[in-house]
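Okay, structure first, notes after.
Numbering (this note's numbering), first residue to last: 427 to 577.
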């Protein structure tokens, strides 16, 4: 679901579209999709329905996609502030991208989004994520917090 290879720090993208394209291309490189362009289209379609921007610099873009081969969470911290429709009208720098195959979507992606969104209400969680520079520690921290949310 979340692996060290799925964590990207200081990504140089300047727009929401560039960020979603980066995520889609990385998903193809990582073998999570065979068609980055199709996955990108599903991210864009989801954003058009309702923005996935939250607050305090975070967004949770997600796609249920026929192009997804397995469920995954990618974390991306961006060098630049991204213009993203958010609840606090502030730019986004931190993305938790959820990729879920349509075939096993069910409620799985809703549970993942809920756990992440709940974690993102915790100031300590947000600060830890923002300050992190170590992929191993960040992965373990996020997965531990998501487990706590399901208890």
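Built from N, CA and C at the ideal position, the CB exists for glycine as well.
Around the beta carbon of residue 547, a 10 Å sphere encloses fewer than 16 other beta carbons of the protein chains shown; the residue is thus reported as exposed.
Taking C-beta separations shorter than 6 Å and ignoring five residues to either side along the sequence, the partners of residue 461 in its chain run 493, following chain order. In the DSSP annotation of this structure, the continuous segment of the alpha helix (DSSP H) that includes residue 470 starts and ends at 462–475. Judged by beta-carbon spacing, residue 476 lies beyond the 8 Å limit of residue 450, meaning their Cβ atoms are not closer than that value. For residue 505, the three-state secondary structure derived from DSSP is strand. Across the set 452, 500, 473, the C-alpha of 500 shows the shortest separation from the C-alpha of residue 542. DSSP places residue 526 in the uninterrupted beta strand (DSSP E) bounded by 518–527. A direct Cα-Cα distance of roughly 17 Å separates residue 564 from residue 485.
Rounded to the nearest whole angstrom, the C-alpha separation of residue 445 and residue 439 is 6 Å. With contacts defined as CB atoms closer than 8 Å, residue 562 and residue 430 qualify as a contacting pair. With fewer than 16 other Cβ atoms inside 10 Å of its own Cβ, residue 529 counts as exposed. In this chain, residue 436 is not harboured by any alpha helix (DSSP H); it is covered by the beta strand (DSSP E) spanning 433–437.
When the beta-carbon positions are compared, residue 524 and residue 517 stay at least 8 Å from each other. Ranked by Cα distance from residue 442, the options 519, 540, 556, 491 are led by 519.
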